[in-house]
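K.L.:
What follows is a single structure, and I will ask about it in a moment.
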Amino acid sequence: MCGIVGIIGREPVAARLVEALKRLEYRGYDSAGIATLEGGHLERRRAEGKLRNLAARLEREPLLGHVGIGHTRWATHGKPTENNAHPHSSVRLSVVHNGIIENFRELREELTARGHVFVSETDTEVVAHLVTDEMNAGKSPRDAVAAALPRLRGAFALGFVFEGEPDLLIAARQGAPLAVGYGEGEMFLGSDALALAPFTDSITYLEDGDWAVLTRDGVEFFDALNAPVMRARIRTQASAFLIDKGNHRHFMAKEIHEQPEVVGRTLAHYLDMSNGCVRLPFELPFDAAKLTRLTIVACGTAYYAGLVAKYWFERFARIPVEIDVASEFRYREPPLDASGLTIVVSQSGETADTLACLRYAKEQGQKTLAVVNVPTSTIAREADTMALTLAGPEIGVASTKAFTCQLSVLACLAIAIGHARGTLSLEREGELVSQLIAVPGLMAEAIKREPRIEQIATVLSKAKDVLYLGRGASFPLAMEGALKLKEISYIHAEGYAAGELKHGPIALIDENMPVIVIAPHDAVYEKTVSNMQEVAARGGRIILIADKRAADEAAIDFEAIAPMPEMEPDFAPIVYAVPAQMLAYHTAVVMGKDVDQPRNLAKSVTVE
Ligand code: F6R
Numbered sequence: 045m046c047g048i049v050g051i052i053g054r055e056p057v058a059a060r061l062v063e064a065l066k067r068l069e070y071r072g073y074d075s076a077g078i079a080t081l082e083g084g085h086l087e088r089r090r091a092e093g094k095l096r097n098l099a100a101r102l103e104r105e106p107l108l109g110h111v112g113i114g115h116t117r118w119a120t121h122g123k124p125t126e127n128n129a130h131p132h133s134s135v136r137l138s139v140v141h142n143g144i145i146e147n148f149r150e151l152r153e154e155l156t157a158r159g160h161v162f163v164s165e166t167d168t169e170v171v172a173h174l175v176t177d178e179m180n181a182g183k184s185p186r187d188a189v190a191a192a193l194p195r196l197r198g199a200f201a202l203g204f205v206f207e208g209e210p211d212l213l214i215a216a217r218q219g220a221p222l223a224v225g226y227g228e229g230e231m232f233l234g235s236d237a238l239a240l241a242p243f244t245d246s247i248t249y250l251e252d253g254d255w256a257v258l259t260r261d262g263v264e265f266f267d268a269l270n271a272p273v274m275r276a277r278i279r280t281q282a283s284a285f286l287i288d289k290g291n292h293r294h295f296m297a298k299e300i301h302e303q304p305e306v307v308g309r310t311l312a313h314y315l316d317m318s319n320g321c322v323r324l325p326f327e328l329p330f331d332a333a334k335l336t337r338l339t340i341v342a343c344g345t346a347y348y349a350g351l352v353a354k355y356w357f358e359r360f361a362r363i364p365v366e367i368d369v370a371s372e373f374r375y376r377e378p379p380l381d382a383s384g385l386t387i388v389v390s391q392s393g394e395t396a397d398t399l400a401c402l403r404y405a406k407e408q409g410q411k412t413l414a415v416v417n418v419p420t421s422t423i424a425r426e427a428d429t430m431a432l433t434l435a436g437p438e439i440g441v442a443s444t445k446a447f448t449c450q451l452s453v454l455a456c457l458a459i460a461i462g463h464a465r466g467t468l469s470l471e472r473e474g475e476l477v478s479q480l481i482a483v484p485g486l487m488a489e490a491i492k493r494e495p496r497i498e499q500i501a502t503v504l505s506k507a508k509d510v511l512y513l514g515r516g517a518s519f520p521l522a523m524e525g526a527l528k529l530k531e532i533s534y535i536h537a538e539g540y541a542a543g544e545l546k547h548g549p550i551a552l553i554d555e556n557m558p559v560i561v562i563a564p565h566d567a568v569y570e571k572t573v574s575n576m577q578e579v580a581a582r583g584g585r586i587i588l589i590a591d592k593r594a595a596d597e598a599a600i601d602f603e604a605i606a607p608m609p610e611m612e613p614d615f616a617p618i619v620y621a622v623p624a625q626m627l628a629y630h631t632a633v634v635m636g637k638d639v640d641q642p643r644n645l646a647k648s649v650t651v652e
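Quick note: the sequence shown uses the working numbering, first residue 45, plus one each step.
This is the structure we're talking about:
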């Protein structure tokens with residue numbers, strides 16, 4: 045969840061380390077720090093809070109070294125104080141770390157008994173002392189790292205610089221992503237290619253268990269058994285301009301507005317628009333006719349995308365679907381047989397729990413398919429089949445465009461599997477494809493209604509609690525709407541199936557609690573109207589997200605209506621996601637919250 049970077053250059057590297065960290069801040073922003081080697085000695089600067097605090101500190105107290113490492117932190121062990129900020133140092137080295145060292149307590153006891161003095165509460169500090177201990181026994185930095193790595197349990201990506209070693213940077217990867225970048229007489233290290241995009245587009249991703257020795261002239265890779273290995277050097281497409289906010293105030297706003305384009309691009313990848321059918325850009329890794337069960341696993345917003353897709357797979361492909369959040373699934377030991385398929389959904393492709401589920405499914409002999417946004421990610425590489433979402437880099441911590449692109453890919457998959465199983469007539473398939481083709485235009489229409497959403501956000505910003513309701517495929521969207529609202533505005537919000545209201549949550553309804561109802565004009569619309577009447581009868585304040593026809597038919601005195609374009613209902617969740625996202629966004633803006641970097645969160649959750 046943290047971001048790490050490293051540079052061996054020919055001039056001072058501090059400014060570029062900060063620039064790279066800026067591009068990794070989406071991974072965590074509790075504290076930041078860098079260390080560089082000056083006159084043979086390691087000097088570091090660290091600061092609590094956002095990267096700008098570190099940048100300000102560096103202006104007052106510059107670092108001039110030509111080799112250095114940097115870190116932006118999402119705290120796991122120890123409070124987000126300056127003292128717990130990375131890099132962590134010993135007398136011989138500095139280290140930055142992303143991940144968790146699970147056996148840090150026992151290592152710390154062992155090293156303390158041997159005279160090492162610990163000054164932070166972090167798990168990372170044991171790595172500094174463990175490698176130092178090996179160096180104290182006479183080993184070179186590279187031999188010391190090689191000896192220390194097998195003793196570490198957990199998931200980690202590490203970057204080291206050493207006292208008196210101006211042409212050396214060592215990196216290691218076990219379960220957390222890490223890339224080496226190539227420059228002209230300089231080398232780079234980063235948690236992802238995006239961090240290194242301003243400096244190079246030539247990258248090698250370390251494999252699990254790998255470690256690497258970087259000098260100005262190149263890099264050597266070693267596997268977990270310390271044998272030298274070759275790793276492919278690839279060109280990335282993570283160009284520098286892609287993380288620009290454009291004309292928008294926040295990345296989240298930009299990403300909401302990009303949706304018609306990126307959803308269109310994603311659909312074009314999976315649809316044969318001229319023949320009105322789905323054309324997958326890969327072979328399905330299974331015989332769809334013989335498929336007995338689908339299992340979908342993901343976390344957070346990606347999980348809600350899977351939950352929406354369950355409705356589609358069951359309806360279009362007539363296949364039973366089991367879905368669970370990855371952190372539960374991985375420890376449930378669910379039986380999976382070879383006639384099933386596991387689909388994992390992940391924007392980053394690095395989420396630790398989702399990755400563990402993918403590996404579990406493979407161990408059980410299942411075929412696996414990953415719906416991912418980062419094609420070079422671990423999940424993308426390990427799944428039997430990768431179904432790419434073409435959302436482009438998503439920087440806002442609250443997921444928006446990745447969600448609607450995930451829905452678009454899953455919709456295409458449901459149609460394709462339905463086709464292969466013979467559960468969709470050609471005519472119905474053609475109708476569904478036409479509906480999908482209309483989706484980007486409808487999203488653009490929904491975005492045009494933003495001024496109305498801004499007015500509703502002013503009302504919502506005064507609420508302490510909010511209830512989100514939906515039926516059918518709008519139920520998972522209600523949960524996603526509630527998640528968006530809580531994560532960026534910090535307003536307590538719950539998403540419920542509208543029909544569940546009377547089984548408990550209706551007790552919460554009073555004149556203070558806004559109830560947002562997502563109500564496309566679909567087969568269960570009348571049932572949703574009954575539920576809204578139950579709320580209205582108890583003095584509840586209803587904010588309706590619906591088209592004009594649906595709003596008129598309901599004949600209820602709504603507090604506000606977020607107007608939607610009229611559409612066929614099958615893929616309404618993709619279009620209705622837009623007002624839910626905009627409501628959360630504008631509420632957070634009215635309340636003056638930090639939209640792109642909400643407290644306690646990080647974009648990529650590479651720890652379990
Ligand atoms: C919420 C959000 C998270 C992620 C979740 C999974 O806005 O972004 O809930 O959806 O952490 O992340 P990925 O999709 O990268 O596996």
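Every residue gets a Cβ at the ideal spot worked out from N, C-alpha and C, and that includes glycine.
(1) Quick check: Ala-201 and Ile-423, are their CB atoms within less than 8 Å of each other?
(2) Identify every residue that forms a DSSP beta bridge with Phe-200.
(3) If you draw a straight line from the C-alpha of Ala-284 to the C-alpha of Asp-638, how long is it?
(4) Can you find the residues in the same chain that come closer than 8 Å, C-beta to C-beta, to Ala-541, ignoring five residues on each side of it along the sequence?
(5) How many Å lie between Gly-72 and Glu-555 at the Cα?
(6) With burial defined as no fewer than 16 other Cβ atoms inside 10 Å of the residue's Cβ, what is the status of Asn-142: buried or exposed?
(7) Taking its Cβ as the centre, do 16 or more other Cβ atoms sit within 10 Å of Gly-384, making it buried, or is it exposed?
(8) With DSSP collapsed to three states, give me the class of Leu-380.
(9) Just verifying my parser: in three-state terms, what is the DSSP assignment at Gly-159?
(10) For Phe-285, does the three-state DSSP call read helix, strand or coil?
(11) Is the beta carbon of Ala-486 sitting closer than 8 Å to the one on Met-576?
(12) Quick one: using the 10 Å Cβ neighbour count with 16 as the cut-off for buried, is Ser-235 buried or exposed?
(13) Assess contact between the segment 439-459 and the segment 619-633, defined as three or more Cβ pairs (one per stretch) separated by less than 8 Å. Is contact present?
(14) Along the beta strand (DSSP E) that carries Val-441, what are the first and last residues, could you check?
(15) Is Ala-79 closer than 8 Å to Ile-113 when the C-beta atoms are compared?
(16) Would you say the beta carbon of Ala-442 is closer than 7 Å to some non-hydrogen atom of the ligand F6R?
(17) Taking the beta carbon of Arg-67 as the centre, do at least 16 other beta carbons fall within 10 Å, making it buried, or is it exposed?
(18) Taking the alpha-carbon of Phe-204 as reference, which of Ala-400, Gly-93 and Pro-131 has the nearest alpha-carbon?
(19) Between Val-415 and Val-389, is the Cβ-Cβ spacing less than 8 Å?
(20) Return the CA-CA distance between Gly-219 and Glu-264, expressed in angstroms with no decimal places.
(21) Which term fits Leu-59, buried or exposed, when burial requires 16 or more other beta carbons within 10 angstroms of its beta carbon?
(22) Checking 8 Å against the spacing of the C-beta atoms, do Thr-444 and Gln-625 come in under that value?
(23) For Met-430, which three-state DSSP category applies?
(24) How about the segment 100-108 and the segment 133-150: do they share at least three Cβ pairs that are nearer than 8 Å?
(25) By the three-class DSSP mapping on this structure, what secondary structure does Arg-71 have?
(26) Can you list, in chain order, the residues of its chain whose CB lies under 6 Å from that of Val-559, leaving out five sequence neighbours each side?
(27) Per DSSP, Asn-321 is paired with what?
(28) Alpha carbon to alpha carbon, how far is Pro-712 from Glu-92?
(29) Just verifying my parser: in three-state terms, what is the DSSP assignment at Phe-232?
(30) Measuring from the CB of Ala-188, is there a heavy atom of the ligand F6R at a distance below 7 Å?
(31) What whole-angstrom Cβ distance do Val-189 and Val-175 have, given they're in contact under 8 Å?
(32) Between Arg-582 and Pro-613, what straight-line distance do the alpha-carbon atoms span, to the nearest angstrom?
(33) Any heavy atom of the ligand F6R closer than 7 Å to the beta-carbon of Thr-398?
(34) With distance defined between alpha-carbon atoms, name the residue in Ala-223, Glu-63 and Asp-254 nearest to Ser-279.
(35) Applying the 10 Å Cβ sphere with the 16-neighbour rule, what's the burial state of Gly-393?
(36) Counting Cβ pairs, one atom from each stretch, are 3 or more of them under 8 Å apart for the segment 318-329 and the segment 292-305?
P.N.:
In short:
(1) No; because the gap between Cβ atoms is not below 8 Å, this pair is not in contact.
(2) Note: Phe-200 sits in a beta bridge opposite Gly-143 and Gly-219.
(3) Because the pLDDT of Ala-284 is 48, which lies under 50, any placement of that residue in the model is unreliable, and the question is left without a value.
(4) Around Ala-541: Leu-513, Gly-514, Arg-515, Phe-519 and Ala-522.
(5) Whole-angstrom Cα-Cα distance: 38 Å.
(6) Asn-142 comes out buried.
(7) So Gly-384 ends up on the buried side.
(8) The three-state reading of DSSP puts Leu-380 in coil, since its state is none of H, G, I, E or B.
(9) Correct three-state label for Gly-159: coil.
(10) Bear in mind that the predicted position of Phe-285 carries a pLDDT of just 44, short of 50, making it unreliable; the figure below should be weighed with that in mind. For Phe-285, the three-state secondary structure derived from DSSP is helix.
(11) Here residue 486 is Leu; the residue named in the question, Ala, does not match the sequence. In this structure, Met-576 does not lie closer than 8 Å to Leu-486 by Cβ.
(12) Buried is the call here.
(13) At 8 Å Cβ cutoff, the stretches touch.
(14) Per DSSP, Val-441 lies in no beta strand (DSSP E) segment and is marked neither H nor E.
(15) Cβ distance < 8 Å, so Ile-113 and Ala-79 count as in contact.
(16) Result yes, Cβ under 7 Å from the ligand F6R.
(17) Buried.
(18) The shortest C-alpha separation from Phe-204 is found at Pro-131.
(19) Yes, the pair counts as a contact, with Cβ atoms nearer than the cut-off.
(20) CA-CA distance, Gly-219 to Glu-264, rounds to 20 Å.
(21) Residue identity check: residue 59 is Ala in the sequence provided, not Leu. Ala-59 should be labelled exposed.
(22) Yes; because the gap between Cβ atoms is below 8 Å, this pair is in contact.
(23) Met-430 sits in a strand when the DSSP states are folded into three classes.
(24) Contact between the segment 100-108 and the segment 133-150 is absent, because fewer than three Cβ pairs lie under 8 Å.
(25) The answer is helix: DSSP assigns Arg-71 an H, G or I state.
(26) Within the same chain, Val-559 has close Cβ partners Leu-511, Val-579, Gly-584 and Ile-586.
(27) Reading off the sequence, residue 321 comes out as Cys, not Asn. In the DSSP output, where bridge partners are listed per residue, Cys-321 has Asp-316.
(28) This structure cannot speak to residue 712, because the chain is shown only from 45 to 652.
(29) Under the three-state reduction of DSSP output, Phe-232 falls in the strand class.
(30) No, the ligand F6R has no heavy atom inside 7 Å of this Cβ.
(31) About 6 Å separates the Cβ atoms of Val-189 and Val-175, confirming a contact at the 8 Å cut-off.
(32) About 29 Å.
(33) A heavy atom of the ligand F6R is found nearer than 7 Å to the CB of Thr-398.
(34) Residue 279 is actually Arg in this sequence, not Ser. Selected option, being the one with the closest Cα: Ala-223.
(35) Counting other Cβ atoms within 10 Å of its Cβ, Gly-393 reaches 16 or more and is therefore classed as buried.
(36) Verdict: no, contact absent.
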